[in-house]
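2 protein chains.
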Amino acid sequence: MTVASAPRILRTVQQVRQWRLDCLLNRESVGFIPTMGALHAGHCSLIAESLKQNDHTMVSIFVNPSQFAPHEDLDAYPRTVDSDMDQLTKAFTKKQVSAVFIPKVSEMYPSGIELEVSKQRGAFVTVHGCSEQLEGGSRPQFFRGVATVVSKLLNVVTPEKVYFGQKDAQQCVVIRNLVKDMLINTEVVVLPTLRESSGLAMSSRNAYLSEEAKSESSVIYRALKAGESFYDEHSKDGEAVDAYLISNEIRNVLSTAPSGFKLEYLSISHPETLDDLTTVKPGIGALISTAVRVPREDGQETRLIDNIVLK
Amino acid sequence: MTVASAPRILRTVQQVRQWRLDCLLNRESVGFIPTMGALHAGHCSLIAESLKQNDHTMVSIFVNPSQFAPHEDLDAYPRTVDSDMDQLTKAFTKKQVSAVFIPKVSEMYPSGIELEVSKQRGAFVTVHGCSEQLEGGSRPQFFRGVATVVSKLLNVVTPEKVYFGQKDAQQCVVIRNLVKDMLINTEVVVLPTLRESSGLAMSSRNAYLSEEAKSESSVIYRALKAGESFYDEHSKDGEAVDAYLISNEIRNVLSTAPSGFKLEYLSISHPETLDDLTTVKPGIGALISTAVRVPREDGQETRLIDNIVLK
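Those protein sequence lines, which keep their order, are chains A and B. Okay, so the first sequence: first residue is 1 according to my numbering, each after it adds one. Okay, so the second sequence: first residue is 1001 according to my numbering, each after it adds one.
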């Protein structure tokens, strides 16, 4: 029996650069999975794909302050580095993750970082046109924080490929545009959402929920699937389908959720521009995305997002 | 007699990446001078220093739309690529510039670029805290445009060193913060302002001026030098000097300028944060910077900037 050794931990930008230069001079390719930790099977599916496609795989674990507003859950966000490292060590036995980048906040924000945008100083990246709607509607600084930290991480790691999950559909659109517009030399790979057997999309924030609440939350995916079925049935002769009718189907299922569940938004939008659609046309398709607030035993709420892509 | 051959011209991001990868695999260092063309002795002094300090030197020529407001001189800005290439070929005989990057707008802005900020879509970089004052006061989108295009160019060229002139003092501060905050792997080198024998700071915009107007514009540097002399004299025992008194000295000289010269701003600020100073302390020093509108024969005005650093 061989005991798997833990991947190497790098804590500074300088260490990552040296590691990356060695890969480059050996002509070894690097795949990169940026995470905020609290790793679950969804992350592991991205890592597994990177291990297949690249000579080396780097994972970063960094809870990025600039994507949290002052009233959001930055302090409460799950930080589980020891169990994350344990999981990374045990989950991949044939080929290991080469290195894990776990920087301090001061390493990623050398000018410091305030959560209030009006007090922030230093360099920030905004991707206009796809950051303001959906998730950006209730969290106006969220994608600016994401685009900024992903830019920094890509500047340091310079991977051949970077991996994201379809679960964060709008994030994928923002990052694709970021990489295209900023002429960043990396390929963005988006992989399908991993789900619990109930259908619930895997998310680090599921850790906030009881088993019962998780089971009840599977209504979100059932609702999206009902919308998809309606679209599939009504578009099968190549006809466009009224987005309002698809939306109704979904709302009908969501209305069966236990009391306390709150629908924050349900959107049917263009899959690339995220512009609202009134009809969905086969060939163009649509992104149906939703955010739901789920009540917790401690009286707080957990905000879950999910989406499904119509073709 | 050897006839110098012109440096190689690269027009696409892909060509620059291939060229850069070859340098890297040969472990040859790259120095980079981003320009908007209309090259003059100021640019040449940056290039000469890069040729000394690096194995390869790349110059880019790109008139960056996003740093111009709709009412500014984007269309009129001097575009002289043929004479620029001629100058690059003839000015450096011992060692040549290795390559010149001359991209189209669509290469640098793959999502397109509108001059009106409210219509802009895609990724932009802002450096908060040092972009809003001085030049940014009358040109609110200027440093956002500069930070965005310099980020893109650095992403493509990935030079060991990038060179800027002290003439654009605020730009140097913005770029230093950009590189630090965004974890860009390059060293920012700032070299002294080159001047005509009259003292006038070299600038591509001097091409708009008659010889007489150029000669008259030398009053700007004489005024800054008068401020410096006043400071040197009054701080020689290590005492702080009232910024208002230094400013008065400068304004007295500027008031001797021909009619039609308009002072847009005169600022005495912290050399690193660009915060306004009320007193200048030896050891910390200050950046004195100014913008003056100079009348032209065609009835228009040319805006000249200059600065001097107190120690």
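Glycine included, every Cβ here is placed at the ideal spot set by N, Cα and C. All values derive from a computational prediction rather than experimental measurement.
Cβ neighbour criterion (16 or more within 10 Å) applied to residue i
i, result
"residue 1025 (chain B)", "exposed"
"residue 175 (chain A)", "buried"
"residue 1239 (chain B)", "exposed"
"residue 1061 (chain B)", "buried"
"residue 1140 (chain B)", "exposed"
"residue 169 (chain A)", "buried"
"residue 1231 (chain B)", "buried"
"residue 1152 (chain B)", "buried"
"residue 1136 (chain B)", "buried"
"residue 298 (chain A)", "exposed"
"residue 41 (chain A)", "exposed"
"residue 93 (chain A)", "exposed"
"residue 98 (chain A)", "buried"
"residue 1020 (chain B)", "buried"
"residue 1278 (chain B)", "exposed"
Cutoff 8 angstroms; reference residue i; Cβ partners in own chain excluding five residues on either side
i, result
"residue 372 (chain A)", "In the structure displayed, chain A extends from 1 to 311; residue 372 (chain A) sits before or after that span and is not available."
"residue 102 (chain A)", "9, 10, 11, 60, 61, 62 and 81"
"residue 109 (chain A)", "65, 66 and 122"
"residue 209 (chain A)", "217, 294, 296 and 302"
"residue 16 (chain A)", "10, 58, 99, 101, 156 and 157"
"residue 1007 (chain B)", "1059, 1085, 1088, 1089, 1096, 1097, 1098, 1099 and 1100"
Own chain residues within Cβ distance below 6 angstroms of residue i, not counting five before or after
i, result
"residue 1178 (chain B)", "1127 and 1147"
"residue 29 (chain A)", "54, 55 and 160"
"residue 1227 (chain B)", "1246, 1249, 1250 and 1288"
"residue 1113 (chain B)", "1065 and 1066"
"residue 1253 (chain B)", "1222, 1223 and 1226"
"residue 143 (chain A)", "131, 136 and 174"
"residue 77 (chain A)", "63"
"residue 70 (chain A)", "115 and 116"
Sequence-distant residues of the same chain with beta carbon closer than 7 angstroms to residue i, five excluded per side
i, result
"residue 191 (chain A)", "45, 46, 49, 163, 165 and 166"
"residue 1201 (chain B)", "1167, 1193, 1195, 1221 and 1306"
"residue 1079 (chain B)", "1037 and 1063"
"residue 1095 (chain B)", "1051"
"residue 1219 (chain B)", "1253, 1254, 1256 and 1257"
"residue 234 (chain A)", "241"
"residue 187 (chain A)", "160 and 161"
"residue 1124 (chain B)", "1144 and 1148"
"residue 91 (chain A)", "44"
Residue from the options with nearest C-alpha to residue i
i, options, result
"residue 115 (chain A)", "A:74, A:138 and A:135", "A:74"
"residue 1022 (chain B)", "B:1052, B:1168 and B:1157", "B:1157"
"residue 1129 (chain B)", "B:1289, B:1297, B:1091 and B:1272", "B:1272"
"residue 1172 (chain B)", "B:1033, B:1216 and B:1099", "B:1033"
"residue 275 (chain A)", "B:1121, B:1242 and B:1255", "B:1121"
"residue 1308 (chain B)", "B:1186, B:1302 and B:1266", "B:1266"
"residue 199 (chain A)", "A:189, A:207 and A:215", "A:215"
"residue 36 (chain A)", "A:85, A:70, A:118 and A:213", "A:85"
"residue 89 (chain A)", "A:211, A:303 and A:5", "A:5"
"residue 1237 (chain B)", "B:1189, B:1311 and B:1282", "B:1282"
"residue 1223 (chain B)", "B:1210, B:1300, B:1104 and B:1255", "B:1255"
"residue 1300 (chain B)", "B:1270, B:1264, B:1311 and B:1260", "B:1260"
"residue 1205 (chain B)", "B:1058, B:1027, B:1072 and B:1017", "B:1072"
"residue 311 (chain A)", "A:20, A:229 and A:182", "A:229"
"residue 207 (chain A)", "A:111, A:304, A:68 and A:150", "A:304"
"residue 1182 (chain B)", "B:1150, B:1211, B:1197 and B:1189", "B:1150"
"residue 203 (chain A)", "A:27, A:117, A:18 and A:291", "A:291"
"residue 244 (chain A)", "A:213, A:270, A:212 and A:280", "A:280"
"residue 18 (chain A)", "B:1185, B:1083, B:1133 and B:1068", "B:1185"
Cβ distance (whole Å) where residue i is taken to contact residue j below 8 angstroms
i, j, result
"residue 286 (chain A)", "residue 268 (chain A)", "5 angstroms"
"residue 154 (chain A)", "residue 87 (chain A)", "Their Cβ separation, rounded to whole angstroms, is 24 angstroms, which puts residue 154 (chain A) and residue 87 (chain A) out of contact at 8 angstroms."
"residue 1262 (chain B)", "residue 1296 (chain B)", "About 13 angstroms separates the two Cβ atoms, so there is no contact after all."
"residue 111 (chain A)", "residue 1104 (chain B)", "The pair is not a contact, with the Cβ atoms about 34 angstroms apart (cut-off 8 angstroms)."
"residue 264 (chain A)", "residue 118 (chain A)", "Their Cβ separation, rounded to whole angstroms, is 25 angstroms, which puts residue 264 (chain A) and residue 118 (chain A) out of contact at 8 angstroms."
Residue i Cβ short of 7 angstroms to the ligand MN heavy atom set
i, result
"residue 1079 (chain B)", "For the structure depicted, the ligand MN is absent and the ligand set is empty, with no information on it obtainable."
According to a CB-to-CB cut-off of less than 8 angstroms, which residues of the segment 269-286 of chain A neighbour chain B?
none
Pull out every residue of the segment 1093-1116 of chain B whose Cβ sits closer than 8 angstroms to any Cβ of chain A, in chain order.
1108, 1109, 1110 and 1111
Contact list for the segment 180-205 of chain A against chain B, Cβ threshold 8 angstroms:
180, 181, 182, 183, 184 and 185
Proximal residues, the segment 127-153 of chain A versus chain B, C-beta separation under 9 angstroms
Identification of residues in the segment 127-153 of chain A having a C-beta nearer than 9 angstroms to some C-beta of chain B yields 127, 128, 129, 130, 147, 148, 151, 152 and 153, given in sequence order.
Taking a Cβ distance cut-off of 9 angstroms, strictly less, list which residues of the segment 23-45 of chain A are near chain B, in chain order.
24, 25 and 27
Interface residues of the segment 1054-1067 of chain B facing chain A [CB-CB below 9 angstroms]:
Answer set for the segment 1054-1067 of chain B: empty.
Report the residues of the segment 155-177 of chain A with a CB closer than 7 angstroms to any CB of chain B, ordered along the chain.
155, 156 and 177
At a CB distance below 9 angstroms, what residues from the segment 291-307 of chain A approach chain B? Give them in sequence order.
none
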